[in-house]
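Chemist:
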Amino acid sequence: MNAVICTLSEQSTSRRRFLQGGSGLLLGFALPGFGAEQPRNEKPPEAAVGHATSAVTQESSGLEPNAFIRIDRAGVVTLIIHKVEMGQGTFTSLPMLLAEELEVDLNRVKLEQAPADNSRYGDPLLGGQVTGGSTSIRATWKPLRQAGATARTMLVSAAAQQWKVDPSTCIARNGVVTHQPSNRSLNYGQLVETAAKLPVPKDVKLKEPKDFTLIGKAHKRLDSPAKVDGKAQFGIDVRLPNMSVAAVAISPVLGGKLASVDDKKAMAVKGVRQVIKLDRAVAVLGDHMWAAKQGLAALSPKWNEGNNASLTTETLVAGLRAASEKQGAVARNDGQATQAIGQAPRKIEAIYEMPYLAHATMEPMNCTVDLRNGLCELWVGTQVPALAQGTAAKITGLSLDKVRVHNHYLGGGFGRRLETDFIALAVEIAKQANGPVKVVYSREDDIQHDMYRPYYLDRLSAGLDARAMPIGWFHRITGSSIMARFAPAAVQNGIDSDAVEGAKDQPYAIPNVRVEYVRHESDVPTAFWRGVGATHNVWVVESFIDELAAAAKQDPLAYRQALLQNQPRMRTVLDLAASKAGWSKPMRPIEGRRVGRGIQVQFAFGSYMSQVAEISVGPDGDVQVHRVVCALDCGQIVNPDTVIAQIESGVIFGLSAALWGEITYDKGRVQQNNFTDYRVIRINEAPAIEVYMVKSNDAPGGIGEPGCSAIAPALTNAIFAATGKRLRKLPVTATSLKA
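The opening residue of the sequence shown carries number 113 in the working numbering; numbering runs sequentially from there.
1. Can you list, in chain order, the residues of its chain whose CB lies under 6 angstroms from that of G643, leaving out five sequence neighbours each side?
2. Leaving out five residues before and five after T462 in sequence, what residues of the same chain have Cβ atoms less than 7 angstroms from its Cβ?
3. What do you reckon, are the CB atoms on A504 and S511 nearer than 8 angstroms?
4. Which residues share a DSSP beta bridge with A800?
5. Can you give me the start and stop residues for the beta strand (DSSP E) that H97 sits inside?
6. So, at 6 angstroms on beta carbons, what are the nonlocal neighbours of T532 in its own chain, with the 5 sequence-adjacent residues on each side left out?
7. Rounded to a whole number of angstroms, what is the C-alpha to C-alpha distance between L175 and I793?
8. Span of the alpha helix (DSSP H) holding F765?
9. Assuming I749 is part of the alpha helix (DSSP H), what are its boundary residues?
10. Are there three or more Cβ pairs, one per stretch, closer than 8 angstroms when the segment 777-784 is compared with the segment 414-431?
11. Express the C-alpha separation of V517 and E158 in angstroms, rounding to a whole number.
12. With C-beta atoms as the reference, is V737 less than 8 angstroms away from E802?
13. Quick one: give me the first and last residue of the beta strand (DSSP E) that K389 is part of.
14. Is T473 helix, strand or coil by DSSP?
15. Which value, in whole angstroms, describes the spacing of the CA atoms of P413 and D570?
16. Let me make sure I understand the geometry here. Which of H520, R484 and T480 has the alpha-carbon closest to that of I535?
17. Report the residue ranges of all alpha helix (DSSP H) runs contained in full by the segment 281-341; include only those spanning at least 4 residues, in chain order.
18. Given this structure, state the Cα-to-Cα distance separating L303 from I193, to the nearest angstrom.
19. Can you say whether T325 is buried or exposed, counting buried as having 16 or more other CB atoms within 10 angstroms of its CB?
20. Starting from I249, trace the alpha helix (DSSP H) in both directions and tell me its first and last residue.
21. Looking at C-alpha atoms only, which residue of N785, K276, V312 and A538 is the closest neighbour of L137?
22. I'd like the list of long-range same chain contacts for T482, defined as Cβ closer than 6 angstroms, with 5 residues on each side in sequence excluded.
23. The alpha helix (DSSP H) that contains N230, what's its start and end?
24. Could you check if A430 is buried or exposed, using at least 16 other CB atoms within 10 Å of its CB as the buried criterion?
25. Look up K841 in the DSSP assignment and say whether it is helix, strand or coil.
26. Give every residue of the same chain whose Cβ lies closer than 7 angstroms to the Cβ of H471, excluding the five residues on either side of it in the sequence, and list them in chain order.
27. Measuring only the C-alpha atoms, how far is R385 from K514?
28. Grouping DSSP H, G and I as helix and E and B as strand, with all else coil, what is P582?
29. Nearest CA to the CA of G76: which residue from T202, A226, E197 and E212?
30. List the endpoints of the continuous beta strand (DSSP E) containing K414.
31. Taking 8 angstroms as the cut-off, does the segment 238-250 touch the segment 283-302 (at least 3 CB pairs, one atom from each stretch)?
32. Roughly how many whole angstroms lie between the Cα atoms of R681 and G710?
33. Which residues in the same chain as A80 place their Cβ atom closer than 6 angstroms to its Cβ, once the five residues preceding and following it in sequence are excluded?
34. Less than 8 angstroms between the beta carbons of D732 and T684, yes or no?
35. Quick test of your reading: A272 and T306, contact by CB under 8 angstroms. State the CB separation rounded to the nearest angstrom.
36. With C-beta atoms as the reference, is V396 less than 8 angstroms away from A359?
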């Protein structure tokens, strides 16, 4: 018995289980909220054990760890973790947390993707094996550091035991334990077997921020070299022996069914292997993508269009509008908002609308499936590997242990890869395929058969006192409930927590506030989109606050400052953004164009942010965004380079949506099909982006999504400053701004 898995959690660090035949120290840690209360598997996940040792595991009772840390005889540290890398930098920032407390060089930490297993690899903030919601750092900030500190403590104790000295006279640095008085040293690889036999310390002391050597410092991305030289493998890169590639045609009408198809012409195309007919789709399988696409083009499928053949955006919005006139479930009710508004000297009302949005990830949806010999293997890039496993198990009728998910780098997620509809389609095709098959969506498939950010319609009203300050605030949100489908338990008393995020907790000091939510569903499939509820509500709240400031004939910055007296962190970022943007000075004029600045503030995903947008509007109504200034307090920063990159990407993603993003329906069909009519901001259109970070030792907040949710109100408030036109409906291009 020469290796031990030590289970670490905030609740218990003394339980452990043993591995036979391994060589090295293997530490498991449990994220708070997962472990003992989760159903136990009869055996540990095969993939997890395979990463650690080829031997059989004998378990004692205790928590099931949801991630493993392995240190081998060479001193190489391997972190097996439940989060995925989709461009947000987790494959660098998470090893930084471990390496900081373990006292090893970051380049000696290797990362391996965890197998699909909800019970062992669940995120305590999201309730499952999920990457999303800007939670990766927030969920692992303390447990990963505790795991590193515990391993380091055990390694130091092992060295002290060998030297027969007091552990307090030994220090660990760069993977080496040194006894300072005698200057003796042993590296971690030499100590792991001794350390594995020691009792697990119940309490370990974590570093103070002033002692950090990695956290807070800029580090190059560990995944960059492989992405630059082409070694990195995304789901779409997978190739298997005898694999076919499938191109699909899905019913163009929501809910439509395949009626008939003549596959003779498709089968005549060189390289076409099969035509597979499903209830709502038809797939052509070929030797390669070109053959499959040519075969698909030769098909003439006929569809039973069903009940949605006459569906239009206008009818969808009419349904929302009618629903919004009904009283909703109450998400917040401070004071007597309706009464205060009714008695106020002045009343302001507005209706805001946000459209359906597609995700349009750089890598379109794809999944490779090999279904044979009672096993189902998936090669895919997914934010929810355990959910993907469950989806395949349900379709095939196999048990979970017969479904294996090989997860890969994701070429963008933005919430789209939280869904498994494309995985389900691939498995359905694989059930009829003669061998492994890779299903790849075209860009048109990806946009026209997405699961969309919901269309929202919001009714707001406010009552202003004699000083034109708000004394009553009413906000009714109407839209689809994503949570009701994705996580039903999160919907309490009719309130979708995501749908009201950023509205229920709006930060302004208003004595009477009422926020309601009306759930209204249609046949349009809806899903999370980068920034989720905050992307919608921050735009609405910050636009309406700007309306109140305009009605009061007050500066938008000063108006917010007056309402944020009890929000010091919010005031700090607001004042910093305004200062760096030169708010007190007029913008430089641009000949023939109207110029303006817009400001906003938000608390979302545990982070405080303010953005200022500088824009100009031409005589024909075209909008150019010249500069975006962002001030951010996201607590303790792990990798500042990643923070800046995430804010920059969020601004670009959010600007694209605010300026042009819109999914519309006519005759039950999505009208947009590619980047020609679902625009993304281009290099020559991108603004200069400045990011200023407030130094803080508070627990980290999320940074993947706040930049995206902040930019829309900064943009439209700037347009108002330039033109005097208040935009209450997005995208911007839907409204004429001609001089």
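Think of the CB as a built atom: it goes at the ideal place given N, C-alpha and C, for glycine as much as any other residue.
Modeler: This is what the structure gives:
1. For G643, the CB contacts under 6 angstroms within the same chain, skipping 5 residues up- and downstream, are E817, C820 and S821 in chain order.
2. Just to set this straight, residue 462 is Ala in the shown sequence, not Thr. The answer, listed in chain order, is L572, F656, E659 and R840.
3. No; because the gap between Cβ atoms is not below 8 angstroms, this pair is not in contact.
4. Answer is R739, bridged to A800.
5. One cannot answer for residue 97 here, as it falls past the ends of the chain, which runs 113 to 851.
6. Within the same chain, Cβ atoms closer than 6 angstroms to the Cβ of T532 are found at L499, A500 and T503, the five residues on either side in sequence being excluded.
7. Bear in mind that a pLDDT of 24 at L175, under 50, signals an unreliable position, so the model cannot answer this.
8. For F765, the enclosing alpha helix (DSSP H) begins and ends at P752 to W772.
9. For I749, there is no enclosing alpha helix (DSSP H), as DSSP marks it with neither H nor E.
10. Short answer: they touch.
11. With a pLDDT of 29 at E158, under the threshold of 50, the modelled position of that residue is not reliable, and no figure is offered here.
12. At the C-beta level, V737 and E802 stay beyond 8 angstroms of one another.
13. Going by DSSP, K389 is part of the beta strand (DSSP E) stretching over V384 to K389.
14. In the structure shown, T473 adopts coil according to DSSP, grouped into three states.
15. Their backbone Cα atoms lie some 40 angstroms apart in a straight line.
16. That would be T480, whose Cα lies nearest to the Cα of I535.
17. For the segment 281-341, whole alpha helix (DSSP H) runs of length 4 or above, ordered along the chain, are 300-307 and 336-341.
18. If I take the Cα positions, the gap works out to 24 angstroms.
19. Residue burial is scored here from C-beta neighbours: T325 has fewer than 16 other C-beta atoms within 10 angstroms and is therefore classed as exposed.
20. First-last of the alpha helix (DSSP H) with I249: S248 to W275.
21. Among N785, K276, V312 and A538, the Cα nearest to that of L137 is on V312.
22. The identity of residue 482 in the sequence shown is Asp, whereas the question assumes Thr. Apart from sequence neighbours up to five positions away, the residues of its chain that approach D482 with a beta-carbon distance below 6 angstroms are E489 and P548, ordered along the chain.
23. Going by DSSP, N230 is part of the alpha helix (DSSP H) stretching over N230 to Y233.
24. Under this definition A430 is an exposed residue.
25. Reduced to three states, the DSSP call for K841 is strand.
26. Excluding sequence neighbours, H471 sits near F526, G527, R528, D562 and W641.
27. About 27 angstroms.
28. Reduced to three states, the DSSP call for P582 is strand.
29. Given that the chain is displayed from residue 113 to residue 851, the structure contains no residue 76 and the question cannot be resolved.
30. Taken as a continuous stretch (DSSP letters only), the beta strand (DSSP E) holding K414 covers K414 to N416.
31. Here the segment 283-302 does not lie against the segment 238-250, with fewer than 3 beta-carbon pairs under 8 angstroms apart.
32. Rounded to the nearest angstrom, the two C-alpha atoms are 20 angstroms apart.
33. Residue 80 is absent from the model: the chain starts at 113 and stops at 851.
34. Pairing D732 with T684 gives a Cβ-Cβ distance that is not under 8 angstroms.
35. About 10 angstroms separates the two Cβ atoms, so there is no contact after all.
36. At a Cβ-Cβ threshold of 8 angstroms, V396 and A359 count as neighbours.
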